[in-house]
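Written below as structure tokens is the structure these notes are about.
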Amino acid sequence: MTRVRIRGIYTTGLTRRLLDAGHEVVQASPPIRERFDVPLDAAPRDVWITDTDDRQGIGVSGPIDAVATVLDDLRPARDTFIWADPAPAGAVFDAYVTDALGSGAVVALDEPATPRLDSVPFHGINAEGFLPYDDADGYVDDGDQVRVQVHEAAPPWADRRPQVSTAIEIGGGLVSLARDRSDVRADVRGERGTELVRTTEMLPVDPPDGWGIRWERAAADAEISTLGDALDRTADRAKRLEDTLVDAPDTPEADTRIAAPNATAWCWFGRESRSELDVIRRDVTTTMSGHHRIKAGDRSASDAVDFVEAVCEPTGEFPFTAVADQFGPREGDRIGLGHGKPDGRLIQLGRGEVTAIDGDRVTLRRKMRSPGTYDALGTERVRGDVAITKLVEGRWWYPTIYRGEDGERKGTYVNICTPVELFPESARYVDLHVDVIKRPDGSVERVDEDELAAAVEAGHVTEALADKARSVAAAVENAL
Numbered sequence: 001m002t003r004v005r006i007r008g009i010y011t012t013g014l015t016r017r018l019l020d021a022g023h024e025v026v027q028a029s030p031p032i033r034e035r036f037d038v039p040l041d042a043a044p045r046d047v048w049i050t051d052t053d054d055r056q057g058i059g060v061s062g063p064i065d066a067v068a069t070v071l072d073d074l075r076p077a078r079d080t081f082i083w084a085d086p087a088p089a090g091a092v093f094d095a096y097v098t099d100a101l102g103s104g105a106v107v108a109l110d111e112p113a114t115p116r117l118d119s120v121p122f123h124g125i126n127a128e129g130f131l132p133y134d135d136a137d138g139y140v141d142d143g144d145q146v147r148v149q150v151h152e153a154a155p156p157w158a159d160r161r162p163q164v165s166t167a168i169e170i171g172g173g174l175v176s177l178a179r180d181r182s183d184v185r186a187d188v189r190g191e192r193g194t195e196l197v198r199t200t201e202m203l204p205v206d207p208p209d210g211w212g213i214r215w216e217r218a219a220a221d222a223e224i225s226t227l228g229d230a231l232d233r234t235a236d237r238a239k240r241l242e243d244t245l246v247d248a249p250d251t252p253e254a255d256t257r258i259a260a261p262n263a264t265a266w267c268w269f270g271r272e273s274r275s276e277l278d279v280i281r282r283d284v285t286t287t288m289s290g291h292h293r294i295k296a297g298d299r300s301a302s303d304a305v306d307f308v309e310a311v312c313e314p315t316g317e318f319p320f321t322a323v324a325d326q327f328g329p330r331e332g333d334r335i336g337l338g339h340g341k342p343d344g345r346l347i348q349l350g351r352g353e354v355t356a357i358d359g360d361r362v363t364l365r366r367k368m369r370s371p372g373t374y375d376a377l378g379t380e381r382v383r384g385d386v387a388i389t390k391l392v393e394g395r396w397w398y399p400t401i402y403r404g405e406d407g408e409r410k411g412t413y414v415n416i417c418t419p420v421e422l423f424p425e426s427a428r429y430v431d432l433h434v435d436v437i438k439r440p441d442g443s444v445e446r447v448d449e450d451e452l453a454a455a456v457e458a459g460h461v462t463e464a465l466a467d468k469a470r471s472v473a474a475a476v477e478n479a480l
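For the record, in the sequence shown the residue sitting at position 395 is 395 according to UniProt numbering, with numbers rising by one throughout.
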């Protein structure tokens, strides 16, 4: 049994799924405690799960074996992608500064050859960290060696690096220990915070020498025996980390990871995964169709979804038209194409104007700004060419028609992907490599099947998802 703390828009569905799998959910919020007729105590956690900033998925962190166990029960549908992070939360590196920026320094982190989580591949992003100058112990500049710890890991599709600090800490959900400190603090307001600090002296556990104590907000609801257990577990982890740091060489090789008390994995949820989590959530509480899809698309939509579910019993299909009318995209908007890759990268294919909306169908017009050649089609790309992309919510493919300024057709490229989601700011999907093209002469060809096979071999795409991609590609090819 693994103790898991969960926060974010997927909490109810994931809580149900993990409880059914035999895990224990701890430090639950008041709404979650009301929805489940089981103890969800303020106990120490092994694994913690949180939304990513863009709500596209979740991060899962904790001891390696515990994370591996939880991941086995977290893939709700075939369009969930999971990657191991080479720079997990809590990892300590002897790194080198590669670039000094205005607000902080970029540091190079090592990338181990073998993932620490069985059958979970690393994502395809180089391991770098960002060290804010405010979090650095002294002045840093290009070429400096600095010992840092990952305090905030970053998903591979995010437009930011993991944040690191020269401060070394060990967290446990209820209590954290900080190296090179000796004080006792509490992130709890008022009298309860003062009481926690005083209670520390009564506990039969002491932290390692040179480690300060900080009680987290969740500790306010815990019993004294639970606080003692939490401090004991966290102190034991701090001692192991201390031993590792003391044994580390004084002059390590460049970009060396010297300790990794945790593993971190990132889960990207596609449209099918969000729909499946709707179904799971609906077994617990009132849930409208598209609950997670709407909340993932726009933060301001969360209150609207909660209101609808509070005052009525929603029925029917996902109300795309109503959601788009309220939050976008709308005709005349400019939205991007968030072209996800199976290795975790997110490539922005540029923004275009929404020229038409018909139900759940959106037409996007982009003007080419640079010359070159259209991939696979082999036709010349000229500045001023126009790309017309037709997107349908939930469809496993979308076509883009390329034309010259004079209207000359330069070919059609059909991208095979996970079900398209049309969010207010961008269309999102994960590219499945295999595509279908139609050249100006009318010839049709399926391309890049070898890249799909390589993604399966690398563990980035499951066989079931690859089979679906090939099936869709064959149907599109026949239709063209």
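We put the CB at the ideal spot given by N, CA and C, even for glycine.
The beta carbon of G124 is closer than 6 Å to those of D343, G344 and R345 in its chain, skipping five residues each way along the sequence. Assignment of P31 by DSSP, reduced to helix, strand and coil, places it in the helix class. Distance between S370 and G404, taken at the CA atoms: about 13 Å. Look at A453 here: in three-state DSSP terms it is helix. The stretch 387-395 makes contact with the stretch 408-421; the number of CB pairs closer than 8 Å reaches 3 or more. In this structure, V38 sits away from R3, with a CB-CB distance that is not shorter than 8 Å. Taken atom to atom, the span from the alpha-carbon of I416 to that of V461 is near 13 Å.
In the structure shown, S273 adopts helical secondary structure according to DSSP, grouped into three states. In this structure, DSSP gives Y429 an extended state, which the three-state scheme calls strand.
Taking the Cα of G57 as reference, the smallest distance to any Cα among A222, A158 and D94 is reached at A158. The beta-carbon distance between D51 and G8, rounded to whole angstroms, is 3 Å. This is short enough to meet the 8 Å contact definition. Residue R351 holds the alpha-carbon nearest to the alpha-carbon of K367 among I357, R351 and E380.
Cβ-Cβ distances below 7 Å link D41 to V26 in the same chain, with the five nearest sequence neighbours on each side left out; the list follows chain order. For K341, there is no enclosing alpha helix (DSSP H), as DSSP marks it with neither H nor E. A direct Cα-Cα distance of roughly 19 Å separates T194 from P207. Here the alpha carbon of Y413 sits roughly 8 Å from the alpha carbon of L377. Cβ neighbours of G328 within its own chain (closer than 6 Å, five residues either side excluded): P424. If you draw a 10 Å sphere on the C-beta of Q149, you find 16 or more other C-beta atoms in it, and that means buried.
Partner residues in the beta bridge of D99, as assigned by DSSP, are V106. Here T234 is not near S61, since their CB atoms are 8 Å or more apart.
Contact between G171 and P44 does not hold, since their C-beta atoms are separated by about 10 Å, which reaches or exceeds 8 Å. For G228, there is no enclosing beta strand (DSSP E); the residue is found in the alpha helix (DSSP H) stretching over I224 to D247.
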